[in-house]
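**Q**
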Amino acid sequence: MHYRVGRLSDNHLVLPDDSVSSYHAEIREAGGVYFLSDLGSTNGTFINRNRISLSELKTGDMVHFGLVCKYFDGQSLVDEPPESPRTEDADLATSRSLSNSRTLLAVAMLVISVAVGGFVWLSARGESMTVDEISRATVQVFISDSSGEWCYTGSGFFALDTGLVVTNAHVVTDDECGKLSIGLVDETGDRIVAEIPATLVTKDDELDLAVLRVNSSQIVGYPRLELADSPAKRGEEVRVFGFPGIGGPTITATSGIISGIDEETDYPYYKTSADISPGNSGGPAVDAKGRVIGVATAGYRQEIECEEDDDNRCFASGSNLGLLRPITLLKELYP
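Numbering (my numbering), first residue to last: 3 to 337.
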């Protein structure tokens, strides 16, 4: 049995509520035992008020998908708690009263969380994401030809909704090499351990941003990055994650500050002192709390110039400068 729950119409159980993710959770049956797994939803999946990533489902369990409450009757999800096998009226009334109280309490807690935080993050991750979590949310993007040979690679990251990957448009734009896939890192967030297919959802060459989709069931347990909803400030610390290919096929993190804004093009860039190499394109640039403030897009390198004189003196011209596409521009591509 495979029973998927979410907001979109291709789910087995469609819950058209804003607190429910497009592909929120799924139920699988094995040997007569039912298991519920969260698919990286924004607002979480809860069994009897406890947030879960993967847990056994038992008859009578109260389940929340975001703010939507359902009950498990032993085989499916229903709107009302299943009847108790006990026959004493007093015990039955007490059981229902406790169930209703728990439902109201759970909903109240979720509503308060939404009101205070905008998004519900009732997990144990705290106020900021660890380096390992950010690394696990970062992917390598592969662009291959019809024979499966890699043409080139870039970077990307899980964000927005379950199964969506943000990257640069120039990473996924090629007339001859159009096969897309992404690489998932291991539990330490270090090296690629699996490659899965991806499809292009949308892209904008002028914004140089793109969104890909992968099968959400193949990325269970991988975190998504929160997107900053306000512009970055000059002097703000930034860390850039990606796969530049320097030092082998492992993830690389560099750090620096937001140096200013480059407005020479139709859409602005953040200038940063963090190092950005070609394979970094599409990778996340995060603030101190792990929120994405930009997408690594380009970099300039110092050039060595020599004077034609008797001393033949040489010096470094220009400066190392990375360019980040502000993540706030993503709303123009994927509102």
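Glycine included, C-beta positions come from ideal geometry on N, C-alpha and C.
1. Can you tell me whether Ser24 is buried or exposed, with buried defined as 16 or more other CB within 10 angstroms of its CB?
2. Under three-state DSSP, which class holds Arg241?
3. I'd like to check one pair, Ser157 with Gly2: are the Cβ atoms closer than 9 Å?
4. Can you look up Gly281 in the DSSP assignment and give me helix, strand or coil?
5. Run through DSSP, which three-state label would Met111 get?
6. For Thr204, which three-state DSSP category applies?
7. Check Gln77 in the structure and name its three-state DSSP category.
8. Helix, strand or coil: how does DSSP classify Val1 here?
9. When you compare each of Ser57, Pro225, Gly68, Phe144 to Lys138 by their alpha carbons, which one comes out closest?
10. For Ile49, which residues in the same chain have their Cβ closer than 6 Å to its Cβ, ignoring the five residues on either side in sequence?
11. If I follow the unbroken alpha helix (DSSP H) through Arg138, where does it start and stop?
12. Assign Gly324 to one of two classes, buried (16 or more other C-beta atoms within 10 Å of its C-beta) or exposed (fewer than that).
13. Apart from the five residues on each side of it in sequence, which residues of its chain come closer than 7 Å, Cβ to Cβ, to Asp12?
14. Taking one C-beta from the segment 207 to 227 and one from the segment 169 to 183 each time, how about it: are there three or more such pairs within less than 8 Å?
15. What does a CB cutoff of less than 6 Å around His14 pick up in its chain, not counting 5 residues either side in sequence?
16. Taking Leu335 as part of the alpha helix (DSSP H), name the residues at either end of that continuous run.
17. Between Thr190 and Phe245, is the Cβ-Cβ spacing less than 9 Å?
18. Give the range of the beta strand (DSSP E) segment to which Glu31 is assigned.
19. Once the 5 residues before and after Leu106 are set aside, which same chain residues still bring their CB inside 6 Å of it?
**A** Per the coordinate set shown:
1. buried
2. strand
3. Residue numbering for the chain in the displayed model covers 3 to 337; residue 2 lies beyond these limits and cannot be assessed.
4. helix
5. In this prediction, Met111 scores a pLDDT of 46, lower than 50, which makes its location untrustworthy; the coordinate-derived value is nonetheless stated afterwards. Met111: helix per DSSP, three-state reduction.
6. Reduced to three states, the DSSP call for Thr204 is strand.
7. Gln77 falls in the coil class under three-state DSSP.
8. The requested residue 1 does not occur in the structure, where the chain is confined to residues 3 to 337.
9. Checking the displayed sequence, the identity of residue 138 turns out to be Arg instead of Lys. Checked all of Ser57, Pro225, Gly68, Phe144; the closest Cα to Arg138 is Pro225.
10. Closer than 6 Å at the Cβ level, and outside the excluded window around Ile49, lie Ser57, Asp63, Val65.
11. 133 to 138
12. buried
13. none
14. Yes: at least three Cβ pairs fall under 8 Å.
15. Same-chain partners within the cutoff: Tyr5, Arg6.
16. Going by DSSP, Leu335 is part of the alpha helix (DSSP H) stretching over 332 to 335.
17. no
18. Its beta strand (DSSP E) spans residues 27 to 32.
19. The predicted position of Leu106 is uncertain, since its pLDDT is 47 and thus under 50; no value can be drawn from it.
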